[in-house]
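Student: Here the protein sequences come in this chain order: A and B.
Per numbering that gives the first Met the number 0, the very first residue in the first sequence carries number 0; after that it's consecutive.
Per numbering that gives the first Met the number 0, the very first residue in the second sequence carries number 0; after that it's consecutive.
Don't be surprised by glycine CBs; every beta carbon is placed ideally from N, CA and C.
Here's a structure for you.
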Amino acid sequence: MLYDLVLAPFADFGFMRRALVGVIALALGAGPIGIFLMLRRMSLMGDAMAHAILPGAAIGYLLGGLSLGFMTAGGLVAGFAVALLAGALARVTVLREDATLASFYLLSLAGGVVLLSLKGSNLDLLHVLFGSVLALDDATLVLLVSASSISLIVLALIFRPLVLECVDPVFLASVNGHGGRVHLLFLGLLTLNLVAGFHALGTLLAVGLMMLPAVAARFWCRGIGMLIATATGIGMVSGLIGILLSYHSGLPTGPSIILTAGLFYAVSILFGSQGGLLLSLIRRPHLRG
Amino acid sequence: MTQTAIRFHDLTLGYDRHPAVHHLDGTIAEGSMTAVVGPNGGGKSTLLKAIAGALKPLDGRIETRQRMAWLPQSADIDRSFPITVFDLVAMGLIPSRGLLGRIGRKDSAAIEHALDAVGLNGFEDRIIGTLSGGQMQRILFARLLLQDAPILLLDEPLTALDSATATDLVALISQWHAQGRTILAVLHDMDLVARIFPQTLLLAREPIAWGKTSDVLTPAHLQAARQMVEAHDPFADYCARVA
């Protein structure tokens, strides 16, 4: 019974195994990135960046069709460009970075859809917006695994300055001149993970595997190490359950994965041990002073 | 003759071309301990910020050769970030260990020692969000301790602290002075300045007086400092004193 439900789909079908590997790779990279986005109060920025990738991917598509290389390169270039431009504009104009990004992503989304419509069918548009987890080929799988490996290695290297830049940016700048670059590197990793995620989950949902596990984790632990581990775990399990759910019920896979993560989020809000709703409703006696 | 730790050359600092510190000239001797006093908006914090290198002068320049540690006013710390006291204090080691350096057993001992010195033994694993304002300031002093810098810039280090905490931190500052470090501190407590600080700079946009504390903190000087025009003049002309 359990075998039929959980193991058989993976034992029987190669595309299911690929989907699982892809989602696990994505969750590994997205977990820590999502935690940092949340702690830096940049949750919505991740969303904006995800949209910013679209026109790049669309231009790649116009040039090379549904080609992995073209669309990846286009997405990366567009993502970096928007991140840098928004940061630069925020520094030289009165608008803050979030406002600038919000304008950019609306334009990106509209521009991307227009670009895609120049050549593509609605099916292609759906593929770009919502991804196709069940159709990952070898090359895409290599890309996903490479992206998460790169981001884990780079994160390990910049972990300390990154944390410091969140906690006390003035101090980082005063003891080390390279502090500002940490932020750029982080934006680079964010873009890389979003582009990887977009192949599986599409530009609209890629950020879901980042943010939902991260905000759910916040309800269970405090320390940053535990937060990252929990978020990554929730991401992986959501991927597994989402794929199975979609397999057994015929629901679209990407949205199933994100909805599963959303379920974890809802459960965490209700029952979380760190500020969950239920705990705050129960009046517990205060401790001795 | 004592060496110069910091030298100001016709220094003008400000924001949006409006000067906050106007034509400051002078030197701060190595190993000296100077209080910077003056009315709010008088440019005290701006001066420290510029010495720390976080603000570019509008005119003139600042000369320093030594490493310095800067404690900004109400430090811009995200207290909601889940980081432990130990890790925050450990950041004081960055100047000596670099951003990636390993924190060895000796360093851990140094961190414990610094926490001891500020009276927060046993707080290592606390998340900073759970600390009170005074405890946080002690933590920042522990971090300063580890930075081990020859020049210390302290911006209102004792504001909003209870007397016990303030006394402890003043003792630390005096200790640093005794070790031969150069100290520059923005303060509002004139009694404390008169008691502890040999040198004082009275700053009200223009330097009003600078020298031995007893010579600076005279009623006439303090009166002059109070006369400072608070508001920017939106129609201010170019300063005629530009060299």
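Are the C-beta of B:TRP209 and some C-beta of chain A separated by less than 8 Å?
Tutor: No - not a single Cβ of chain A is within 8 Å of the one on B:TRP209.
Student: From the DSSP output, in three-state form, read off B:GLU205 for me.
Tutor: In the structure shown, B:GLU205 sits in a strand (DSSP, three-state: E or B).
Student: How is B:ARG6 classed by DSSP in three states: helix, strand or coil?
Tutor: Note: B:ARG6 maps to strand in three-state DSSP.
Student: Quick one: is A:ILE268 near chain B, going by C-beta distance under 8 Å?
Tutor: Not an interface residue.
Student: Please confirm whether A:ILE240 and A:PRO212 have their CB atoms less than 8 Å apart.
Tutor: No, they are not a contact pair.
Student: Using 10 angstroms around the beta-carbon of A:GLY253, count the other beta-carbons present and answer buried if the total reaches 16, otherwise exposed.
Tutor: It counts as buried.
Student: Suppose only complete runs of 4+ residues qualify. What are the alpha helix (DSSP H) ranges in the stretch 33-109 of chain B, listed by chain order?
Tutor: You should have 43-50, 84-89, 93-96.
Student: Assuming contact is defined by CB atoms lying nearer than 8 Å, are A:ILE23 and A:ALA216 in contact in what I supplied?
Tutor: Not closer than 8 Å, so no.
Student: Against chain B, does A:LEU277 count as a neighbour if the rule is that its beta carbon must be under 8 Å from one of theirs?
Tutor: No, because no Cβ of chain B sits closer than 8 Å to the Cβ of A:LEU277.
Student: Provide the residue span of the alpha helix (DSSP H) that contains A:HIS50, from first to last.
Tutor: First-last of the alpha helix (DSSP H) with A:HIS50: 42-63.
Student: Taking the continuous beta strand (DSSP E) assigned at B:VAL185, which residues delimit it?
Tutor: Where B:VAL185 is concerned, the enclosing beta strand (DSSP E) stretches over 181-185.
Student: Where do the ends of the alpha helix (DSSP H) carrying A:ILE268 lie?
Tutor: Here the alpha helix (DSSP H) through A:ILE268 covers 252-270.
Student: State buried or exposed for A:GLU307, treating a residue as buried only when at least 16 other CB atoms are found within 10 Å of its CB.
Tutor: Limits of chain A in this structure are 0 at one end and 288 at the other, which puts residue 307 of chain A out of reach.
Student: Name the chain A residues whose beta carbon is nearer than 8 Å to that of B:LEU99?
Tutor: The answer, in chain order, is LEU156, ARG159.
Student: Could you tell me the boundaries of the alpha helix (DSSP H) in which B:VAL20 lies?
Tutor: Counting along the chain, B:VAL20 falls outside any alpha helix (DSSP H), though it belongs to the beta strand (DSSP E) covering 17-28.
Student: Please list, in chain order, the chain B residues whose beta carbon lies closer than 9 Å to that of A:ILE227.
Tutor: Near A:ILE227 there are no residues of chain B at all, since even the closest Cβ is about 11 Å away, more than 9 Å.
Student: Can you give me the C-alpha to C-alpha distance between B:LEU70 and B:ILE76, rounded to a whole angstrom?
Tutor: Distance between the alpha carbons of B:LEU70 and B:ILE76: 11 Å.
Student: For the alpha helix (DSSP H) containing A:ILE223, list its first residue and its last residue.
Tutor: A:ILE223 -> alpha helix (DSSP H) spans 223-248.
Student: My understanding is that A:MET70 touches A:ILE242, with C-beta atoms under 8 Å, so please give their C-beta distance in whole angstroms.
Tutor: That pair is no contact at about 23 Å.
Student: Does the distance from the CB of A:ALA203 to the CB of A:PHE129 come in under 8 Å?
Tutor: The sequence given here places Leu at residue 203 of chain A; Ala does not occur at that position. The answer is yes: Cβ separation under 8 Å.
Student: At 8 Å on the CB atoms, spell out the chain B contacts of A:PRO168, in chain order.
Tutor: Those are ASP75, listed as they occur along chain B.
Student: So for A:THR71, helix, strand or coil by DSSP?
Tutor: If DSSP states are grouped into helix, strand and coil, A:THR71 belongs with the helices.
Student: Quick one: Cα of A:ALA49 to Cα of B:PHE80, how far?
Tutor: Answer to the nearest angstrom: the Cα atoms are 25 Å apart.
Student: How should B:GLN146 be labelled, buried or exposed, when 16 other C-beta atoms within 10 angstroms of its C-beta is the threshold for buried?
Tutor: The residue is buried, with at least 16 neighbouring Cβ atoms inside 10 Å.
Student: Can a CB atom of chain B be found closer than 8 Å to the CB of A:SER173?
Tutor: Interface residue, yes.
Student: Using a Cβ-Cβ cutoff of less than 7 Å, which residues in the same chain neighbour B:THR11 once the five nearest sequence positions on both sides are dropped?
Tutor: Here the set comprises PRO18, VAL20, HIS21, HIS22, PRO56, LEU57, ASP58, GLY59.
Student: Between which two residues does the beta strand (DSSP E) carrying B:LEU151 extend?
Tutor: Unbroken beta strand (DSSP E) run through B:LEU151: 150-154.
Student: Tell me, please, whether the CB atom of B:GLN51 is closer than 8 Å to any CB atom in chain A?
Tutor: Here residue 51 of chain B is Ala; the residue named in the question, Gln, does not match the sequence. True, the Cβ-Cβ gap to chain A drops below 8 Å.
Student: Output needed for B:LEU87: all residues of its chain with C-beta closer than 7 Å, excluding positions within five of it in sequence on either side, in chain order.
Tutor: Closer than 7 Å at Cβ, skipping near neighbours: ILE127, ILE138, ARG142.
Student: Identify which residue in A:VAL81, A:LEU114, A:THR92, A:LEU117 has its Cα closest to the Cα of A:LEU100.
Tutor: Looking at the Cα atoms, A:VAL81 is the closest of the given residues.
Student: Taking A:GLY78 and A:VAL194 to be in contact with their CB atoms under 8 Å, please state how far apart those CB atoms are, rounded to whole angstroms.
Tutor: With 8 Å as the limit, A:GLY78 and A:VAL194 qualify as a contact, their Cβ atoms being about 6 Å apart.
Student: Would you report the Cα separation of A:SER173 and B:LEU151, rounded to the nearest angstrom?
Tutor: Roughly 12 Å separates the two Cα atoms.
Student: With 8 Å set as the bound, which would you pick, yes or no: does the beta-carbon of B:PHE140 sit closer than that to a beta-carbon of chain A?
Tutor: Chain A contact via Cβ: absent.
Student: What would DSSP say about B:GLN198, mapped onto helix, strand or coil?
Tutor: In this structure, B:GLN198 counts as strand in the three-state DSSP scheme.
Student: List the residues of chain A that B:GLN80 touches, going by C-beta distances under 7 Å, in chain order.
Tutor: Position check: residue 80 of chain B holds Phe in this sequence, whereas Gln was assumed. Within chain A, the residues near B:PHE80 are LEU38, CYS165, VAL166.
Student: Taking 6 Å as the limit between beta carbons, can you name the residues of its chain near B:THR260, skipping five residues before and five after?
Tutor: Summary: the structure shown does not reach residue 260 of chain B, with chain B confined to residues 0 through 242, and so no result is reported for it.
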